[in-house]
Amino acid sequence: MSKFIFIFLLMLELCHQVVPMNAEKLITLQAEVTALESKIQKVMAGIKKSRRLYDLSYVLYITSGDGVIEFFADHTPDQQVPNLDNSESDKMLTCLWFYVLPPIISNIYKFHDIYYPEAPLEPRTRSELLRRLHTLQDGLKNKLVEYDVHFTLDEVAAEDDGMGFMNCNVDDPYERLDSDIGTAYEVLTMEAMTMLLHVDRNILPVTDYAVKRILHDFGLNDDMEREIGRRARLLTKAELDEIFEALKNTLASVPDSDTSLAYKLVKMHYDSLLSQLETFLVLRRQVVTLDLTNEVATQAFREHVIDFLQETHHRTIITNTDELGKAVYEAIKDGNQKGYVEIGDDLLTDRPLQHMHELVHSHDRLHLYELSMRQKYRKHQPGSSIGSRHSSSSLVGPLDGTLGSSGGHRGGGVGDNGPSSFSSRIDHRSAKRCRYRS
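Residues -17 to -1, 1 to 421 (mature numbering (1 follows the signal peptide of the UniProt record, and there is no 0)) are what the sequence shown spells out, left to right.
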């Protein structure tokens, strides 16, 4: 499991370890929750209404392993004399502050390309933002619903008009590699589900030879026999080696000089896949010798497979933006930096907002996004290759009103945020508009 998902879920588990309360304490806690929710709702409303666009490195940091811990600690109630009876409820109240993160992530997804037309978000970065948004919203919803307290923030957080702007004319040299990595994940998922099916049916996986012999007796045609046979058995080691060796060779063809965020994300996506492969190979060895008559061992194995499937489903990636992101985080916390800009109506004149289905339909957001990206690249970039170069990265500097050289697309800093730079940024109108198909 990635560090971010692990740490975030751990934070939620800590929030949930609430000592059983009597009626009086529950009434007090409900009052505290209601008061805090009102405060958080105002913050969320301000983020949405003014279309606040936060620094990308800052957001990647506070939704990373180390950053989420620091964010949690900074929002924990500061008590001069700790009240041990309230310590667990304080953790739960602190968790409510995580609700400000989804609109922050969503706004970057919706408005980044309006303010930075010269450095639009790459597809890999957008996909990563959606994964983090999905993890945050699902994690909060699934945990807080178990409390004997009424919450309203989940409904407020779900209110998103889904209106934003995306520059479709973005060169992504890793679109094909990322697709291959996704396919490999699908293979591991199918294999794990096959193992789970065999365990649930109390039948261990059979060999390829045995499957062919059984199917041959049914007189099926070759294609049908091959398809059924593939689903009835696990992949051989040679077949797995072929898939991952091809991925390894493809990644090795990428120039070492690439320092873009897009490359970092796809590389970490690949590293995460290899980690999942190691876990899968352990499960694969275990299922061969599993004693299905041993209920304890069988149930333990089944739980391990389910855990593997859940981790493979999320597969959020850790980004190497901690140093820059932490610096921005500290500057914002200390009041030395505003940390965001507001997207006014004047910026929407030539860039009208369009409906982004993947932000509204949360359960399908990744599928819709990835489907739309595949459609776009088939139409606009049929000849794209993994080793090609692109001129800019989406990693930008602090959005404090005094942008300097700390950010970076390929040429260095994004630039000054003074009037002249601001007008030239908005006058850059070469982007094509995306149109989603549901």
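Idealized CB from N, CA, C, for every residue including glycine. Being a predicted model, the structure only gives us computed values, none of them experimental.
For the pair of segments examined, the segment 123 to 142 was found to touch the segment 18 to 32: the number of CB pairs separated by less than 8 Å reaches three. DSSP places E261 in the helix class (H, G or I) of the three-state scheme. Membership of Y92 in the alpha helix (DSSP H) is indicated by the continuous run 84 to 98. Contact between the segment 122 to 130 and the segment 172 to 188 is absent, with fewer than three C-beta pairs closer than 8 Å. The DSSP-derived three-state label of E105 is coil.
Cβ atoms of L256 and Y168 come within 8 Å of each other, at about 6 Å. The C-alpha of V42 lies about 25 Å from the C-alpha of S162. Buried is the label assigned to S40, since at least 16 other Cβ atoms lie within 10 Å of its Cβ. Judged by their CB atoms, E111 and L248 are nearer to each other than the 8 Å cut-off. Per DSSP, R159 is one residue of the alpha helix (DSSP H) stretching across 158 to 183. Non-local beta-carbon contacts of F263 in its own chain, meaning distances under 8 Å to residues more than five positions away in sequence, involve L171, E174, A175, F291 in chain order. Contact between the segment 270 to 287 and the segment 147 to 154 is absent, with fewer than three C-beta pairs closer than 8 Å. At least 8 Å separates the beta-carbon of T46 from that of R109. In this structure, the beta-carbon distance from L79 to L19 falls below 8 Å.
Secondary structure of N277 (DSSP, three-state): coil. Cβ-Cβ separation between F94 and I315: approximately 18 Å, too far for a contact (criterion under 8 Å). The straight-line gap separating the alpha-carbon atoms of L104 and I30 is approximately 20 Å.
Per DSSP, the unbroken beta strand (DSSP E) holding L36 starts and ends at 35 to 37. For V83, the closest of P238, P100, R35, G48 by C-alpha to C-alpha distance is R35. Of H287, Q282, K250, the smallest CA-CA separation from R267 is found for H287. Boundaries of the beta strand (DSSP E) harbouring E325: 323 to 325, taken from the DSSP string.
With a cutoff of 8 Å on beta-carbon distance, L113 and F81 are scored as not near each other. One Cα belongs to T295, the other to D121, and the distance between them is close to 16 Å.
Judged by their CB atoms, E15 and L76 are nearer to each other than the 8 Å cut-off. Comparing C-alpha distances from F55 to each of H340, K231, Y312 shows the shortest one belongs to Y312. For G50, the enclosing alpha helix (DSSP H) covers residues 48 to 57. In the three-state DSSP reduction, H117 falls in the helix class (H, G or I).
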